[in-house]
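Heads up: the sequence shown begins at 2 in the numbering used here, then just goes up one per residue. For reference, the structure discussed in these notes is given below.
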Amino acid sequence: MPEAGLFPIGSRSFIYQADCPFDLDHQRRFWALADAASARDDVAEAVPGMTNLTLRFDRVPTDLDDLKRELDALWAEGRQKDLTDKILEIEIVYGGAGGPHLQDVCDLTGLSVDEVVRRHTAPDYTVFAVGSHAGYCYLGGLDPRLETPRRKVPLQSLPGGSLSVAGLQTGISASAGPSGWNTVASADVSFFDPFKEPAALLEPGDAIRFIPTEVIA
2 MPEAGLFPIG SRSFIYQADC PFDLDHQRRF WALADAASAR DDVAEAVPGM TNLTLRFDRV
62 PTDLDDLKRE LDALWAEGRQ KDLTDKILEI EIVYGGAGGP HLQDVCDLTG LSVDEVVRRH
122 TAPDYTVFAV GSHAGYCYLG GLDPRLETPR RKVPLQSLPG GSLSVAGLQT GISASAGPSG
182 WNTVASADVS FFDPFKEPAA LLEPGDAIRF IPTEVIA
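Structural data, given as structure tokens:
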């Protein structure tokens, strides 16, 4: 569990962390906290993360103790932001060249390929946070039976659209890059377009539903 408090990550950027479980109820509190913090006239951006909130200011804050007390008070109120009604259905191809670690996940969990796919596609996943790289969605709702450790040797590069699992997380890479997760599938979807407003396809509170179109064992 990360230490609770307010920590600088730059002269005008700070991260606020609370001592809380990683679950939907507490993520909804961070979404509400982001909205409340955005109402300050000196906050340029408030970005909810996984059990934290990043604040970017127009100018260097002069009284961090007052800022922390304000954030603590807002957090203690326990306000939660509602989920949106948006559900994005994404067609997925499991296994094959786009899912090179599908069998590894089967070996780690003791489940068959069909059972891994069934369990992975059963829930609607809530977008807990957007970050890591532009447009990437941290999702909540993975079946605990699909929990797997990160790979000991990360892959240097995976294409955008790679669907991976690690720990109790799952998600689709929004762009090409390295990964230490277990990649089980692939999708043709664009999560970020800098020429659109908003540039990110999804926001916290939206949902993703995976639709299996092919399984290559």
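For every residue, glycine included, the Cβ atom is placed at its ideal position computed from N, Cα and C.
Under a Cβ-count criterion, where at least 16 other Cβ atoms within 10 Å of its own Cβ denotes burial, should Val94 be classed as buried or exposed?
-> With a threshold of 16 other beta carbon atoms within 10 Å, Val94 meets it and is buried.
For Ile212 and Thr122, the rounded distance between their alpha carbons | 7 Å
List the whole-angstrom C-beta distance separating Arg41 from Ser14, where the pair is believed to meet the contact cut-off of C-beta under 8 Å.
-> Contact flag wrong, Cβ pair sits at about 14 Å.
Same chain, Cβ closer than 7 Å to Gly232, five either side skipped, listed in chain order = Residue 232 is absent from the structure shown; the chain starts at 2 and stops at 218.
Simplified DSSP state of Pro22, which is helix, strand or coil = coil
Where in the stretch 102–166 do unbroken runs of the alpha helix (DSSP H), each at least 4 residues long, occur, reported from the N-terminal end onward?
-> Unbroken alpha helix (DSSP H) runs of no fewer than 4 residues, entirely contained in the stretch 102–166, are found at 103–110, 114–122, following chain order.
Where Gly181 sits in the DSSP three-state scheme | coil
List the endpoints of the continuous beta strand (DSSP E) containing Arg60.
-> Taken as a continuous stretch (DSSP letters only), Arg60 belongs to no beta strand (DSSP E), as it is neither H nor E.
Do Glu148 and Leu169 have their C-beta atoms closer together than 8 Å?
-> yes
Do the stretch 60–70 and the stretch 107–116 make contact, defined as three or more Cβ pairs closer than 8 Å?
-> no
Whole-angstrom Cβ separation of Phe192 and Gly136, contact assumed at under 8 Å?
-> 3 Å
Report yes if the CB atom of Asp36 is closer than 8 Å to the CB atom of Asp59, and no otherwise.
-> Here Asp36 is not near Asp59, since their CB atoms are 8 Å or more apart.
Who are the near neighbours of Asp105 in its chain, counting only those whose CB is closer than 7 Å to its CB and skipping five residues on each side?
-> Asn183
Based on the DSSP output, what are the partners of Ile173 in its beta bridges?
-> Leu164
Between the beta-carbon of Pro49 and the beta-carbon of Val128, is there less than 8 Å?
-> no
For Leu203 versus Val166, is the C-beta spacing smaller than 8 Å?
-> no
Alpha helix (DSSP H) segment containing Glu71, residue limits | 65–78
Could you pull the start and end residues of the beta strand (DSSP E) that Gly99 belongs to?
-> Premise fails: Gly99 is in no beta strand (DSSP E) and is neither H nor E.
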